[in-house]
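Peer 1: One structure is given below, represented as C-alpha cells, and several questions about it will come after.
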Amino acid sequence: MRKMLLAALLGSFAFPGTGRAEPGDVVAMDHGAEIFRRIVVEADYAARDGGQWRWHVDGWIGGDSERVWIRSEGKIEDGRAEEAELQLLYGWNVHPFWDVLLGVRQDFEPRGETYLAAGVTGLAPYFFETDATAFLSTEGDLSLRLEQSLDIPVTQKLIAEPHVELNAFAQDVPERGIGAGFSGVAAGLQLRYEITRRFAPYADLVWERALGETASIARGRGEDVEVTTLRFGVRAMF
Amino acid sequence: MMKTRIRIPLPTLASLALAGGLVAVPYAAFAGNYDLTVAKAKVEIDGRTVEKLTVNGSVPGPTLRLREGEKATITVANEADEPTSMHWHGILLPGIMDGAPGFNGFMGIAPGASYTYTFDIRQSGTYWYHSHTGTQDQSVLGAIVIEPAAPPPFPAERDYVVLLGDITPENSDHVLRNLKADPGYYNYNKRTLRDFFGDAREQGFGAALRDRLDWGEMRMDPTDLADVTGYAFLVNGKQPAENETFIFRKGERTRLRLINGSAMTLFDVRIPGLKMKVVAADGNDVEPVSVDEIRMGVAERYDVIVEPDGEGPYTIFAESIDRAGYARATLAANEGAEGPIPERRPRALLAMDDMGAAHGGHAGYDMDGAKDEHGGARDDHGGHEGHGHEGHGDVHQMDDRHDGHDGHDGHHMHEMQHDGAAHESPSAPARAVGWASGFPEGSKVLAYEDLRARAAPGDNRPPDRSIEMRLTGNMERYVWTLNDKRFGEAAPIRVRYGERVRIDFVNETMMAHPMHLHGMFFELENGAGAHRPLKDTVIVPPGKSVSVILTAREVGAWPLHCHLLYHMASGMMTAFVVEPPDAAEAGITPDGASLPLAISHDGHGGHAGHGGM
C-alpha cells in the first residue's frame, strides 16, 4: 500500500501538466519561467499543560499554474511532541481562484501514519481562504479536513483573522479515539500586527471542541471535550 | 509623503544636462551616432543608496537627438552581469533592430557584449528608449527627440524634455516576487474596518455592507489602483525636492515633451495657471488642442506648448493616479524659483460602475471566447449571460460600449471629464470614486476624442477584419494575460503584409492597461474620421474598450503588450506577426501554420558581439 502511495505521488510530480503552446517564431525569454514562493510559518506558545508550543506551516513553491505545496503542523507539550504532521502535495491551477492538490501526508506523532491526500485550496467568494483536503490512510481510513479564514484589516497593519477548522471521519478509528462523523471543530480569532508583510507578531484565541461520537469517547476517558486557549506567537512569510 | 533624493555621480552630470533637455545646441551638431553603456551604478533613493542598472551611469540615460532622414547608429555595450537589451519605443525600424529579446532573432545583449543598432529614421517627434529585459526598464531608459526634416509646424523658442519616471529602492525583481507571494503586498490603502464604519455613517449600514459584499463576491479590491507602492517619482531623474527647473522668458513659446517613462505609474499632469496646447501625441502631430490636464499612461508622450504671459514660476505637477505621490518640475524665469505645490487630491476608489466588463472577466475565464464579428451583438461581452457567473448581475451597469462601430471611440475619456465635474463639486466626498474622477470642475482634461491627426493617414479603408484582445488577469495570483493566455502560451497573432486590421482591446480587469504595439503606429478610433490620430500606446481603462486600426506595413514579429512593467513581466504580452509580402501572396492564412521568417530559434545567435548589420 505504501508503495502504491509513493508511486501515486511520484506520478503526480512526473505528470507533464499543460503543454506549452508553440510560440511560433518568437522565443519567450525572461517571462513566465520564474519560480516564486509563499511559505507562511506560524509558531506560538500557550501557557497550559506545562507549556504548549505549536507550529503551523503552509506554503507553495512554483509557477502560476503548477506548484509544490508544503504543509506541516504540530504541538509540543511539556517538552514532548504530541502531534506532528507533514504534507507534501502537487497542485494544479484549475480556475482563477482554485488549485487542485494531490500528495501525501505523513504523521509522526501521536503515531506514525501515512495518508494519500487530495483536496482543493483557494479563495472562495467574500475572500474566504479555503482548504478542503481528504485523507486516506494506509489502514483505509478516510477523513476530511475543512479550513477557512478571512483577513479583516482593522487598520492597514492590524489584521483580524477569524478562522475555523472542521474535521470529519467516514468511520471509527478506535486506536485514535475517533468516532465516525464530525469529530472536532476549532474556531479562533487571530489578531496580528504586520510590522512588514513578511513578519507579524500575533495573539490567537482558539476554542476547540470534540464533536459527536468522538466527544463521547473522550468523555468516557475522562478527557476534556472543550478547551479554549490563548496563544502568542509570530508569523513569518518566506 | 515620501521624501526621496536621487544623487547622480558627478561625471554623469553632462549626460544629465542632456537628459534635462537643454537644447541651446543646434541639432545639426548631433550626428545620429551614440554609444550607450548599461552598467550598475549607485543611485540614492529616499536616503538609501542602492545599485541600479543605468545607462551611461545615470537614471535616466542621455537624451538621444536624431534627425528625420538620417541614419541612426547606436551601440549599446553591456557592462552589467546580466543580459540586457535596448528597445526604441515608437520607432519604425527593421525587426532585428527593435531590441525586444526573443523577437525577430534578437536575443538580447549578453554581459560583456555589445550590439550596434542601425536604422534609417523615417519619422520625427518625441520617443524614448528602454531595456526590454526582465524588470530593467524602470532604470534603464532615456528620451529620444527626432527633429523633423521640414520645419516643425508648431515652432517654439524653447524645447524641453520632461521625462516622468518612478523608481523604487527595492530590487525590481524582488518586487515581482513579493507581488506573486501576495498581490496586496504593497497595498497599504486597503479598506479597513474603520473605513467601513465611516461609510456606514455616511451611506447607511446596509449600503456600506452591500458594497463590501459586492466587491467580496467578485473577490476584488476597489483600492487596487496601483500594484506597487514605495516609488519615488521623478522628472528627468530628479525627485520633487530637487526641483527640475526649465527656464523660460515671458511671452516665449516653450515646447514641453512630456514622456511617461515610468515602470508602473499613470500620471495626471497639469501646470496650474497655464493652458497646455497639445500639438503631438506619441510623436505624431495633432491639431492643437488646449487643455488643463492630461492623464498619461505609461509610455505615452504628449508634446505641449505653453506660452506663459506671466513671470511664473509655474509648477509642472504630475500626480500618480493612486495619489501615492507626485513628480514635479518648475517653469521659471531663473534657477532656484519654486512654484506652489497644489493641494493633493483624494485617493480614488473604483466604483462598481467601473467594473462593467471586469465582473464578467473572471467568470469569463470559462467563456468560450466568442470571436468578434464586429457590429454583432457584443453588448453581452463580459456581461451577465452564458458564463455561469452566480447571478448578481444587476449591481454594475454595463456601459453600452459595444453598440456598434463607433460605440467605443474613446468615450471613456469623455466620461472622465464628466465624472470629474461631478465629483469635485464643493461638497466633494473625502474620497473620490471612479477611475476617472478627481478632476476639478470646469477644467479641460485631454480626452482621446480631442486628438485629431494633423495630416490624415493615407489609408482610409475600413479594416479587413477585427482581432479581439481581451485584457485579462487574475489579481489573486498576480497573473496578467491577454485573452486569458500568458506570453508564450498563445500562438502569435498573424496578419498579412498590407492587411488592414482592427484591434479591439476589451479590458476585463479593474486596472487600466497602457497597451503598446512595437514597430508600427496604430490609428486610434476616437471618432476623428479620416483624422484618426496615430499612436503606439493607448490606455484602456478598467472595464472599458478601446479600438485601433492599423495597416500592417512593417514586416516582422512585434511585441504587443501592456506597458506596466510587472504586468508584462507576469505575462501580459503577445506577438503580432506581420508576414512578408511574398508569403502573403503565397496564400498563407492569417492563422496559418508556419512561415519562413528570418527569425532565429537559436538561443545564442543574437548574443554575438556586434550584431549590427
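Protein chains in written order, with my numbering: chain A, 1 to 238; chain B, 239 to 851. Think of the CB as a built atom: it goes at the ideal place given N, C-alpha and C, for glycine as much as any other residue.
Please report whether the beta-carbon of D239(A) lies at a distance below 8 angstroms from any beta-carbon of chain B.
Peer 2: Nothing can be reported for residue 239(A), as the shown portion of chain A is limited to 1 through 238.
Peer 1: Per the DSSP calculation, Q52(A) is bridged to which residue(s)?
Peer 2: Note: Q52(A) sits in a beta bridge opposite A46(A), E77(A).
Peer 1: Applying the criterion that 16 or more other CB atoms from any shown protein chain within 10 Å of the CB defines a buried residue, is T364(B) buried or exposed?
Peer 2: T364(B) comes out buried.
Peer 1: Note down, in chain order, every chain A residue with its Cβ under 7 angstroms from the Cβ of R734(B).
Peer 2: The premise fails here: R734(B) is roughly 15 angstroms from chain A at the closest Cβ pair, so nothing lies under 7 angstroms.
Peer 1: Write down every uninterrupted run of the beta strand (DSSP E) in the stretch 450-491 of chain B whose length is 3 residues or greater and which is fully enclosed by it, in chain order.
Peer 2: Runs found: 470-473, 482-485.
Peer 1: Rounded to whole angstroms, how far is the Cβ of A565(B) from the Cβ of L472(B), which I believe are closer than 8 angstroms?
Peer 2: That pair is a contact at about 6 angstroms.
Peer 1: Between the Cα of T287(B) and those of T406(B), W366(B), P349(B), spot the shortest distance and give me the residue it belongs to.
Peer 2: Residue T406(B) is the option with its Cα nearest to T287(B).
Peer 1: So, for M502(B): in the same chain, excluding its five sequence neighbours on each side, which residues have a beta-carbon less than 6 angstroms away from its beta-carbon?
Peer 2: V466, L802, L803.
Peer 1: Can you name the residues of chain B whose CB is closer than 9 angstroms to the CB of T155(A)?
Peer 2: The contacting residues are T430, L431, R432.
Peer 1: If we cut at 8 angstroms on Cβ distances, does E455(B) have a partner in chain A?
Peer 2: Yes, contact with chain A.
Peer 1: So, under 8 angstroms CB-CB, T301(B) and V399(B) are touching, yes? Tell me the CB distance rounded to an integer number of Å.
Peer 2: Yes, they are in contact, since the Cβ atoms of T301(B) and V399(B) sit about 5 angstroms apart, within 8 angstroms.
Peer 1: Do K723(B) and A519(B) have their C-beta atoms closer together than 8 angstroms?
Peer 2: In this structure, A519(B) does not lie closer than 8 angstroms to K723(B) by Cβ.
Peer 1: With a cut-off of 8 angstroms, does the C-beta of L451(B) fall near any C-beta of chain A?
Peer 2: Yes, contact with chain A.
Peer 1: Residues of chain B with CB under 9 angstroms from I70(A), in chain order?
Peer 2: Residues of chain B passing the Cβ test: none, with the nearest at roughly 14 angstroms.
Peer 1: When the distance is taken between beta carbons, is S558(B) closer than 8 angstroms to V536(B)?
Peer 2: It is not a contact, given that the beta carbons lie outside the stated cut-off.
Peer 1: Less than 8 angstroms between C-beta atoms, sequence neighbours within five positions excluded: which residues of the same chain meet that for D207(B)?
Peer 2: The structure shown has nothing for residue 207(B), since chain B only spans 239 to 851.
Peer 1: Leaving out the 5 sequence neighbours to the left and right, which residues in its chain are closer than 6 angstroms to P730(B) when beta-carbon positions are compared?
Peer 2: A813, V815.
Peer 1: To which residues of the same chain is T373(B) closer than 8 angstroms at the C-beta, ignoring the five residues directly before and after it?
Peer 2: Closer than 8 angstroms at Cβ, skipping near neighbours: S410, D411, V413, L414, A501, L803, Y804, A807.
Peer 1: May I ask which residues mark the beginning and end of the alpha helix (DSSP H) holding R703(B)?
Peer 2: Looking at the DSSP string, R703(B) is not in any alpha helix (DSSP H); the run it does join, the beta strand (DSSP E), is 703-712.
Peer 1: For a contact defined as C-beta to C-beta under 7 angstroms, what are the partners of F97(A) on chain B?
Peer 2: In chain order: R457, E714.
Peer 1: Go ahead and label K280(B) buried or exposed: buried means 16 or more other beta carbons lie within 10 angstroms of its beta carbon, across all protein chains shown.
Peer 2: So K280(B) counts as exposed.
Peer 1: Using the C-alpha atoms, what's the distance from R429(B) back to H56(A)?
Peer 2: When rounded, the distance between both Cα atoms is 28 angstroms.
Peer 1: Measuring only between beta-carbons, confirm whether K418(B) sits less than 8 angstroms from chain A.
Peer 2: Yes, K418(B) counts as interfacial toward chain A.
Peer 1: Take A575(B) and list the residues in its own chain whose beta-carbon comes closer than 8 angstroms to its own, dropping the five residues that flank it on each side.
Peer 2: So the qualifying residues of the chain are T483, G550, P551, T568.
Peer 1: Does the contact criterion of 3 or more C-beta pairs under 8 angstroms hold for the stretch 185-192 of chain A versus the stretch 159-168 of chain A?
Peer 2: Short answer: they touch.
Peer 1: Compute the beta-carbon to beta-carbon distance between P584(B) and G676(B), rounded to the nearest angstrom, for a pair I have assumed lies under 8 angstroms.
Peer 2: Confirmed, Cβ separation roughly 7 angstroms.
Peer 1: Taking only heavy atoms of the ligand NAP into account, decide whether any of them is closer than 7 angstroms to the Cβ of A419(B).
Peer 2: Here there are no bound small molecules, and the ligand NAP is not part of this structure.
Peer 1: Consult DSSP for P780(B) and reduce its assignment to one of helix, strand or coil.
Peer 2: Here P780(B) sits in coil by DSSP.
Peer 1: Assuming R738(B) and T789(B) make a contact with CB atoms under 8 angstroms, what is their CB distance in whole Å?
Peer 2: R738(B) to T789(B), Cβ: 5 angstroms. Contact.
Peer 1: For a test of the three-state rule: what should DSSP assign to T214(A), helix, strand or coil?
Peer 2: T214(A) falls in the helix class under three-state DSSP.
Peer 1: Could you pull the DSSP bridge partners for S72(A) from this structure?
Peer 2: In the DSSP output, where bridge partners are listed per residue, S72(A) has V57(A), L86(A).
Peer 1: Counting only the same chain and skipping the five closest in sequence on each side, list residues whose C-beta sits under 6 angstroms from that of V120(A).
Peer 2: W98, V100, A132.
Peer 1: I need the DSSP call for F743(B), collapsed to helix, strand or coil.
Peer 2: It is a strand residue.
Peer 1: Strictly by DSSP, which residues pair up with D404(B)?
Peer 2: DSSP output for D404(B) lists F471(B) as bridge partner(s).
Peer 1: In angstroms, rounded to a whole number, what distance separates the CA positions of G403(B) and N474(B)?
Peer 2: Whole-angstrom Cα-Cα distance: 7 angstroms.
Peer 1: Rounded to whole angstroms, what is the Cα-Cα separation between R235(A) and F357(B)?
Peer 2: Cα to Cα, the separation comes out at about 55 angstroms.
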